Amino acid sequence: MVVLAASICTRSGKPLLSRQFRPIPRSRVDGLLASFPKLIPANSQHTTVETNDVRFVYQPFEELYVLLITNKGSNILQDINTLQLIVRLISSLTPAMSEAAILHHSFDLLCAFDEVVSLGYKEQVTLSQVRSVLEGESHEEKIQEIIARNKEAEAKEELKRRAKQLEMQRREQQRLAQASRHGGGGGHGLGGMAGGYSPVSSTPRFETPQHEYRTPSPAPAAAASKPAFRGSGMKLGSKKGKANDLISQLGHEAELEPEPEPIPEPEPEPEPVVAVSADVLPEVDKEEIHVLIKEQLDVTLLRDGGLKEFELKGELQLQHTNADLAKVKLELAAEDLSEVQFKQHPSLAKFAGSGTKVVALKDASRSFPANVSVLRWRLVSKDESKVPLTVTVWPQPRGDGTSDVAIEYELEASHLTLRNVVISIPIPHDAFPVVTGEGDWQAERGFFTWTIPEVDANEPSGSLEFRSEGDADTFFPVNVGFAAAGSLANVGIVAAKGAVDGSEIVFSQEQVLTVDKYEIV
493 MVVLAASICT
503 RSGKPLLSRQ
513 FRPIPRSRVD
523 GLLASFPKLI
533 PANSQHTTVE
543 TNDVRFVYQP
553 FEELYVLLIT
563 NKGSNILQDI
573 NTLQLIVRLI
583 SSLTPAMSEA
593 AILHHSFDLL
603 CAFDEVVSLG
613 YKEQVTLSQV
623 RSVLEGESHE
633 EKIQEIIARN
643 KEAEAKEELK
653 RRAKQLEMQR
663 REQQRLAQAS
673 RHGGGGGHGL
683 GGMAGGYSPV
693 SSTPRFETPQ
703 HEYRTPSPAP
713 AAAASKPAFR
723 GSGMKLGSKK
733 GKANDLISQL
743 GHEAELEPEP
753 EPIPEPEPEP
763 EPVVAVSADV
773 LPEVDKEEIH
783 VLIKEQLDVT
793 LLRDGGLKEF
803 ELKGELQLQH
813 TNADLAKVKL
823 ELAAEDLSEV
833 QFKQHPSLAK
843 FAGSGTKVVA
853 LKDASRSFPA
863 NVSVLRWRLV
873 SKDESKVPLT
883 VTVWPQPRGD
893 GTSDVAIEYE
903 LEASHLTLRN
913 VVISIPIPHD
923 AFPVVTGEGD
933 WQAERGFFTW
943 TIPEVDANEP
953 SGSLEFRSEG
963 DADTFFPVNV
973 GFAAAGSLAN
983 VGIVAAKGAV
993 DGSEIVFSQE
1003 QVLTVDKYEI
1013 V
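If you read the sequence shown in our numbering, its first letter stands for residue 493, the second for the next number, and so on.
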């Protein structure tokens, strides 16, 4: 019972926002959302649709869809409650349910999704609790804003107080200067009178007093007072470390020092996108008894040739719409499966030592469980011929900082038809390769990606060349992805019979091969 992702997409399946709660490749989610609108039947009143692997629980919202992607064993009632809470959150966080509003509030929506679902399981929260948590995330920021505003107001008040104080001192200084100038003028007058009477007497009695009286003139007094004023101003400003700035900025508003910006974390290196969804495979018409065989390939090759790792994992599920017909036994194809290691469900009867392998329940009166892996297998090998597709990458340095890179592929498993083959080669981020040959390719985010729509026995090989900056090691590791309708281990069902009477039962079969990892190092 797991919610794999919560998403918002357009009516055409264009993804706007998606939060994965389990490790799912982005390409897989894009493929599921692109195929989702096509699964909705016309005039349907239901809000759930299913594929072979997942279930969509959705709600139309104006021109958009809000949906949950869950596994098929998830509790649908709980999923519907989760979806309703998410829809209410979206309505409360966005002013309008439009593409622009969703993109503008994407960060808030992702945080809200994380509060509702954790690791795929719904949290016991309400709408008000989620809103409180989202507001709490910015509580410290609000406190910092309040502190900054208070500091700014205090700085303005301090400037006004200092300006008023300095203005009072300036007026006091002017008053003292005027008083000194007035007293000096009286001295000059007396000196003039003394000079006027000097011819009457031959004794210069007033010369010495005249010089003594004129010594304290207004100009020296004013000059002496200015340094004292400056010293007083400096003393006032020294009460705080920013006095010089405060005095120099009189008449202007204080400017707060900007907080140092946090050092941005380095962006993670981009990863190659080579995951290919099984949705590219043709659909199979299902009977009442449907057998689903899924295999995943994990392979690592060496650039100079040779196989480093090869592992193939598979499982078999039985899907049915009629419980009576589900009392069956399935016969595996008579292929050489000696290298394949099988693991059966505890309720299944063990395979016989030799002869045809039969998948059957121990109790023949019981029906097969639906959508349960009743048989699993594993194939590990050091034989390079087991690899279904051989990819060769030959970089040839030119001696000027660039290299010529030749890419070749060849189909080894001729019984398979590979769809949407993707070959991704790392290149320098600022490089723009010059391509020789025809093909669907693109160069972005530090990768040269070549996509081949289909590789089969009719066109089993192909090649492409390009020139780019870099040495031989620049173009590795190479990643490959594809999907195929078939079994690499040749595991298949040839007959379905009644477990009790042995009668033939009509069945359908779907075989899916996908790549978990295909790497050339």
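Where is the CB? At the ideal position from N, CA and C, for every residue including glycine. In this text, all values refer to a predicted model and were calculated from it rather than measured experimentally.
For PHE967, no alpha helix (DSSP H) segment is defined, and its DSSP state is neither H nor E. For VAL521, the uninterrupted alpha helix (DSSP H) run begins and ends at 518-531, by DSSP. In this structure, DSSP gives ASN863 a state outside helix and strand, which the three-state scheme calls coil. Where ASN563 is concerned, the enclosing beta strand (DSSP E) starts and stops at 556-563. Assignment of ASP600 by DSSP, reduced to helix, strand and coil, places it in the helix class. Bounds of the alpha helix (DSSP H) holding ASP571 are 568-585. Three or more Cβ pairs closer than 8 Å define a contact, and the segment 760-779 falls short of that threshold against the segment 819-834.
For HIS812, the uninterrupted beta strand (DSSP E) segment begins and ends at 799-812. Across the set ILE915, ALA923 and GLU930, the C-alpha of ILE915 shows the shortest separation from the C-alpha of ALA975. PHE968 sits away from PHE940, with the two beta carbons spaced by 8 Å or more. Residues of the same chain with a CB within less than 6 Å of the CB of VAL998, apart from the 5 flanking positions on each side, are GLU779 in chain order. Inter-residue distance for SER769 and LYS989 is about 32 Å (C-alpha atoms, whole angstroms).
Among the bridge pairs identified by DSSP, GLY891 is matched with none. Per DSSP, the continuous beta strand (DSSP E) segment holding GLY990 begins and ends at 985-990. Less than 8 Å divides the Cβ of ARG511 from the Cβ of LEU602. Taking a C-beta distance under 8 Å as the contact criterion, THR574 and LEU496 do not qualify as a contact pair. Note on geometry: alpha-carbon atoms of GLU900 and GLY523 lie some 27 Å from one another.
Comparing alpha-carbon positions, the option among ALA991, ALA935 and GLU902 lying closest to SER953 turns out to be GLU902.
The three-state reading of DSSP puts ASN950 in coil, since its state is none of H, G, I, E or B.
Per DSSP, THR909 lies in no beta strand (DSSP E) segment and is marked neither H nor E.
Sorting SER906, VAL897, ASP892 and THR894 by C-alpha distance to the C-alpha of SER877 places SER906 at the top. With a 10 Å radius around the Cβ and a threshold of 16 neighbouring Cβ atoms, LYS634 comes out exposed. In this structure ALA592 is exposed. Its beta-carbon is surrounded by fewer than 16 other beta-carbon atoms within 10 angstroms.
If you compare the alpha carbons of THR539, LEU508, PHE513 and GLN537 with that of LEU525, the shortest gap goes to LEU508. Around the beta-carbon of ILE638, fewer than 16 other beta-carbon atoms lie within 10 Å, marking it exposed. Pairwise C-beta distances place the segment 881-895 out of contact with the segment 860-867, as fewer than three of them are shorter than 8 Å. Beta bridge pairing from DSSP links PRO552 with TYR557.
With fewer than 16 neighbouring CB atoms inside 10 Å of its own CB, GLU904 falls in the exposed class. The straight-line gap separating the alpha-carbon atoms of VAL972 and PRO529 is approximately 29 Å. Here the C-alpha atom of ASN814 lies approximately 45 Å from the C-alpha atom of LEU793. Counting only residues of its own chain and dropping the five nearest sequence neighbours on each side, VAL1004 has a CB closer than 6 Å to the CB of ALA770 and LYS786. Counted as a single uninterrupted DSSP element, the beta strand (DSSP E) harbouring ILE500 occupies residues 495-502. Shortest Cα-Cα distance from ASP892 to any of PHE548, VAL783 and GLY962 involves GLY962. Per DSSP, ILE781 is one residue of the beta strand (DSSP E) stretching across 781-793.
For GLU930, no beta strand (DSSP E) encloses it, and the DSSP letter there is neither H nor E. Per DSSP, the continuous beta strand (DSSP E) segment holding GLU542 begins and ends at 540-542.
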